[in-house]
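Residue numbers (our numbering): 1 to 521. For every residue, glycine included, the Cβ atom is placed at its ideal position computed from N, Cα and C. Model, not experiment: these values are computed from the prediction.
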Amino acid sequence: MTTERVPAPSSGVFGHIVNNIEESGRNPKRVLIGFAVAWIAFFLILWVLPNPDGLSDHGMAVLAVVVWASIMWVSEALPVGITGISVPLLLILTEGIPWVEKKGKLTPPLETVFSGFTKHVVWLCLFAFLVGAIMQLLHLDRRIALGILDKIKASNVGRVIWGMFFVNIVLAFLIPAANARAATLLPVVKGICNLLGDTPEERDARKAIVIQSLVYGTMICGVFILTAHLPNLIMIGIFDQNGFSGLGYLDWMLLQFPYLGMFVLTQAWIRFHFKTGGIAIAGGHAKIHAQHKDLGPMTANEWTLLAVFVGIALLFMMGKGSPIFELHRFQLGIIGLVGILVLFTPGLFPFKWKAVQDKTIWGTFLLLGGAITMTAAMTKSGLAQYLADLVHGAVEGMTWWAAILTLMVGTHVIRIGMLSNVAAIAMLAPVVFAMAGPLGFHPVTFTLLVCDTDTFAYLLPTQITAAVIAYGSDEFSTTDYFKAGWVSVLIAILYGLIVMAPWYAFLGIPVWDASAPWPFR
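Dropping the structure here:
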């Protein structure tokens with residue numbers, strides 16, 4: 001006989017609110033404090049604090065929205081999707097983005113504040129989420145997960161994470177975007193996580209697998225391969241325009257391959273932080289092998305989904321800048337929309353739309369659109385440039401390592417409210433490159449060291465699209481991500497200074513010598 005849980009009687013309005021928060025499975029203290037602090041900070045910045053020199057009223061308004069959203073996302077006081085769609089609303093109400101004149105009247109800049117929901121990357125993510133939903137309904141995610149684990153003889157969490165890292169390296173050669181690789185791997189990683197139980201230790205193990213496989217591994221491999229990460233192409237374009245040409249595909253690999261070693265350090269930290277050492281996967285390899293065999297042959301529906309999935313992945317690989325073959329020049333999100341159209345061809349799968357939408361991660365979809373809008377607002381209002389100038393102006397007269405350390409830390413502070421790594425590098429790289437000469441540093445290595453650390457923005461899942469996709473797995477909270485991420489950011493900063501700077505010097509382009517000859521011609 002089971003008894004239904006009866007909530008404790010409320011004592012007034014506050015008690016009623018606390019009871020409702022508890023019934024929703026959240027911590028009332030964290031939720032209420034986060035909610036209050038977010039709004040207090042918002043109104044203080046908007047109405048009380050004076051504008052710093054060089055920051056406009058629009059910039060202050062956007063700063064208020066950025067701080068509000070960041071606190072809401074960290075505390076999860078509001079569902080992340082609701083925070084996401086609230087960003088455009090607050091930008092309109094505060095006039096963070098100036099209103100526009102149409103037919104003699106001032107009107108809200110709707111096209112601008114909702115632009116985050118029209119960017120191609122949100123449709124790429126939606127394709128990944130819909131594939132994941134259908135895959136779960138078919139249980140194909142379990143089949144793929146068991147197949148991979150069986151192949152690599154995975155019996156513990158560590159072996160799974162290392163197996164997925166090598167998959168990331170292979171995909172980095174083929175798929176020219178970190179978010180596309182994360183989207184490709186999401187259903188597989190989710191299937192692997194489903195093999196673990198629901199003890200506290202196994203929940204932590206799932207967090208470790210998702211964060212390492214979809215975020216850290218994806219971003220580290222992206223820095224290594226020239227076409228695997230769009231900011232790489234932005235930087236090499238700046239180098240070419242300023243006389244540092246001839247840096248080819250293999251040359252880039254030579255410059256950047258030591259970054260692969262950083263995964264060893266992040267894995268050591270994640271293993272320690274989440275205490276994943278010795279955690280087995282559902283009885284070890286023997287049980288995984290038996291479960292894999294028990295699934296029997298692939299069904300027609302499973303083969304169909306796999307064919308659609310592989311076909312769209314090939315289109316991802318053969319887009320602009322593909323090292324295999326450039327079949328088209330469409331953005332990844334356009335290919336994602338093609339995939340969605342194909343997925344719902346009548347008769348292709350036996351599921352009603354209701355079943356698919358119940359498995360789709362709509363909250364993360366809304367979060368992504370809001371985060372992209374916030375990124376654009378920071379740039380348009382001048383807030384991003386103001387923060388960049390504030391940090392960059394503080395490094396004059398410093399030693400090379402102190403200047404780079406300061407800029408790395410400043411970059412991570414600026415990136416707290418920004419989603420797009422591409423937008424951040426597009427804004428940051430030209431400024432950093434121009435600073436190198438007056439400071440007496442080599443412009444190429446100085447730019448690489450500062451801008452590469454931006455790729456490892458691991459404080460909030462809203463800073464990197466791959467992390468937003470990983471967050472869609474629903475395996476970790478923003479607090480979990482931050483607790484693991486701040487140490488991982490320190491690892492990335494120190495790795496750049498202690499490993500990468502000496503490596504560049506070994507190749508003949510020390511960051512501390514602006515006159516070093518360019519070895520790549």
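> What residue range is occupied by the uninterrupted alpha helix (DSSP H) comprising residue 254?
Replying inline: As a first step, residue 254 must be located in the sequence shown, where it is residue number 254. Unbroken alpha helix (DSSP H) run through residue 254: 249-256.
>> If I measure Cβ to Cβ from residue 2 and keep anything under 7 Å in the same chain, skipping five residues before and after, which residues do I get?
In response: Position 2 of the sequence shown, counting from 1, holds the residue named residue 2. Low confidence applies to residue 2: its pLDDT is 47, below 50, so where it sits in the model is not reliable enough to give any reading.
> Who are the near neighbours of residue 115 in its chain, counting only those whose CB is closer than 7 Å to its CB and skipping five residues on each side?
Replying inline: Residue mapping note: residue 115 aligns to position 115 of the sequence shown, counting from 1. Cβ neighbours of residue 115 beyond the five flanking positions: 373 and 376.
>> Does the stretch 90-100 come into contact with the stretch 295-315, if we say contact requires no fewer than three beta-carbon pairs (one atom in each stretch) closer than 8 Å?
In response: Cβ pair count under 8 Å is below three, so no.
> For residue 316, is the classification buried or exposed, using 16 other Cβ atoms within 10 angstroms of its Cβ as the cut-off for buried?
Replying inline: Residue 316 sits at position 316 when you count from the first residue of the sequence shown. Around the CB of residue 316, 16 or more other CB atoms lie within 10 Å, so the residue is classed as buried.
> In angstroms, rounded to a whole number, what distance separates the CA positions of residue 440 and residue 411?
Replying inline: On the sequence shown, position 440 is the one that residue 440 refers to. On the sequence shown, position 411 is the one that residue 411 refers to. Those two C-alpha atoms are separated by around 20 Å.
> Who are the near neighbours of residue 333 in its chain, counting only those whose CB is closer than 6 Å to its CB and skipping five residues on each side?
Replying inline: Locating residue 333 in the sequence shown gives position 333, counting from the first residue. Hits under 6 Å: 120, 121, 123 and 124.
> On the three-state DSSP scale, how would you describe residue 107?
Replying inline: Locating residue 107 in the sequence shown gives position 107, counting from the first residue. Correct three-state label for residue 107: strand.
>> If I measure Cβ to Cβ from residue 259 and keep anything under 8 Å in the same chain, skipping five residues before and after, which residues do I get?
In response: Stepping through the sequence shown from its first residue, residue 259 is reached at position 259. Apart from the 5 residues on each side of it in sequence, residue 259 sits with its Cβ closer than 8 Å to the Cβ of 220, 223, 224, 452, 495 and 500 in its chain, given in chain order.
> Using the C-alpha atoms, what's the distance from residue 84 back to residue 162?
Replying inline: As a working mapping, residue 162 is identified with position 162 in the sequence shown. As a working mapping, residue 84 is identified with position 84 in the sequence shown. Taking the straight line joining both Cα atoms gives about 33 Å.
>> For residue 100, list the residues DSSP reports as bridge partners.
In response: Position 100 of the sequence shown, counted from the first residue, corresponds to residue 100. The partner list for residue 100 (beta bridge, DSSP) reads 107.
> Since residue 218 contacts residue 156 with CB under 8 Å, what's their CB separation in whole angstroms?
Replying inline: On the sequence shown, residue 218 is found 218 positions in, with the first residue counted as 1. On the sequence shown, residue 156 is found 156 positions in, with the first residue counted as 1. With a Cβ gap of about 22 Å, residue 218 and residue 156 do not count as contacting.
> Do you know how far the Cα of residue 394 is from the Cα of residue 422?
Replying inline: Locating residue 422 in the sequence shown gives position 422, where the first residue counts as 1. Locating residue 394 in the sequence shown gives position 394, where the first residue counts as 1. Rounded to the nearest angstrom, the gap between the Cα atoms of residue 422 and residue 394 is 25 Å.
> Within 7 Å: the Cβ of residue 28 and any heavy atom of the ligand ZN?
Replying inline: The ligand ZN is absent from the structure shown, which contains no ligand whatsoever.
> Who are residue 280's beta bridge partners in DSSP?
Replying inline: For the purposes of this step, residue 280 is taken as the residue at position 280 of the sequence shown. When DSSP reads this structure, residue 280 sits in a beta bridge with 156.
> For the putative contact between residue 444 and residue 404, defined by C-beta atoms under 8 Å, what is the C-beta separation to the nearest angstrom?
Replying inline: Taking the first residue of the sequence shown as 1, we reach residue 444 at position 444. Taking the first residue of the sequence shown as 1, we reach residue 404 at position 404. Actually they do not touch by this definition, with Cβ atoms about 13 Å apart.
> Is residue 235 closer than 8 Å to residue 425 when the C-beta atoms are compared?
Replying inline: Locating residue 425 in the sequence shown gives position 425, counting from the first residue. Locating residue 235 in the sequence shown gives position 235, counting from the first residue. Cβ distance < 8 Å, so residue 425 and residue 235 count as in contact.
> Going along the chain, which residues of its own chain have a beta-carbon closer than 7 Å to the beta-carbon of residue 30, five neighbours each way excluded?
Replying inline: Locating residue 30 in the sequence shown gives position 30, counting from the first residue. Non-local C-beta neighbours of residue 30 in its own chain, meaning closer than 7 Å and more than five positions away in sequence, comprise 75, ordered along the chain.
> By DSSP, does residue 505 sit in helix, in strand, or in coil?
Replying inline: Along the sequence shown, one-based indexing puts residue 505 at 505. DSSP places residue 505 in helix when its eight states are reduced to three.
>> Between which residues of its own chain and residue 519 is the CB-CB distance below 8 Å, once the five residues before and five after are set aside?
In response: Along the sequence shown, read from residue 1 onward, the residue named residue 519 stands at position 519. Excluding residues within five positions, the ones whose Cβ falls inside 8 Å are 507, 508 and 509.
> Whose C-alpha, out of 86, 16 and 276, is nearest the C-alpha of residue 39?
Replying inline: Residue 39 sits at position 39 when you count from the first residue of the sequence shown. The alpha carbon of residue 39 has as its nearest neighbour, out of 86, 16 and 276, the alpha carbon of 86.
>> My output table needs one value for residue 220: the three-state DSSP class, helix, strand or coil.
In response: For this step, residue 220 is matched to residue 220 along the sequence shown. Correct three-state label for residue 220: helix.
>> Less than 8 Å between the beta carbons of residue 432 and residue 447, yes or no?
In response: The sequence position of residue 432 within the sequence shown is 432, counting from 1. The sequence position of residue 447 within the sequence shown is 447, counting from 1. With respect to residue 447, residue 432 sits close: the two C-beta atoms are nearer than 8 Å.
> In chain order, what residues of the same chain have a beta carbon less than 7 Å from the beta carbon of residue 330, not counting five sequence neighbours either side?
Replying inline: If you number the sequence shown from 1, residue 330 lands on position 330. Around residue 330: 319.
> Does the stretch 463-482 come close enough to the stretch 181-189 that 3 or more CB-CB pairs lie under 8 Å?
Replying inline: Verdict: yes, contact present.
> Taking just the CA atoms, how far does residue 335 sit from residue 325?
Replying inline: Here the question's residue 325 lines up with position 325 in the sequence shown. Here the question's residue 335 lines up with position 335 in the sequence shown. Across the structure, residue 325 and residue 335 are spaced so that their CA atoms are roughly 16 Å apart.
> Using the C-alpha atoms, what's the distance from residue 33 back to residue 55?
Replying inline: Counting from one through the sequence shown, the residue named residue 55 turns up at place 55. Counting from one through the sequence shown, the residue named residue 33 turns up at place 33. The alpha-carbon atoms of residue 55 and residue 33 are separated by roughly 29 Å.
> From which residue to which residue does the alpha helix (DSSP H) around residue 20 run?
Replying inline: Within the sequence shown, residue 20 is the residue found at index 20, counting from 1. Note, residue 20: alpha helix (DSSP H), 12-23.
> So which of 486, 428, 474 and 12 has the shortest CA-CA distance to residue 231?
Replying inline: Indexing the sequence shown from 1 puts residue 231 at position 231. It is 428.
> Do residue 129 and residue 485 come within 8 Å of each other at the CB atom, strictly closer than that value?
Replying inline: Translated into the one-based positions of the sequence shown, residue 485 becomes position 485. Translated into the one-based positions of the sequence shown, residue 129 becomes position 129. Contact: no.
>> Rounded to the nearest angstrom, what separates residue 522 and residue 212 at their Cα positions?
In response: A question about residue 522 goes unanswered here, because the residues of the chain that appear run from 1 up to 521.
> Along the chain, where does the alpha helix (DSSP H) that runs through residue 328 open and close?
Replying inline: Here residue 328 is taken as the residue at index 328 of the sequence shown, counted from 1. From DSSP, residue 328 is part of no alpha helix (DSSP H); its letter is neither H nor E.
> What residue from 226, 400, 408 and 505 has the CA that sits closest to residue 250's CA?
Replying inline: Indexing the sequence shown from 1 puts residue 250 at position 250. Closest option to residue 250, Cα to Cα, is 226.
>> Measuring alpha carbon to alpha carbon, tell me which residue in 252, 215 and 243 is nearest residue 233.
In response: As a first step, residue 233 must be located in the sequence shown, where it is residue number 233. Among 252, 215 and 243, the Cα nearest to that of residue 233 belongs to 252.
>> By the three-class DSSP mapping on this structure, what secondary structure does residue 499 have?
In response: For the purposes of this step, residue 499 is taken as the residue at position 499 of the sequence shown. Residue state for residue 499 is assigned as helix, using DSSP reduced to three classes.
>> Could you check whether residue 281 and residue 160 sit closer than 8 Å to each other, using their CB atoms as the reference points?
In response: Taking the sequence shown and counting its residues from 1, one reaches residue 160 at position 160. Taking the sequence shown and counting its residues from 1, one reaches residue 281 at position 281. Their beta carbons are under 8 Å apart, which means residue 160 touches residue 281 by this criterion.
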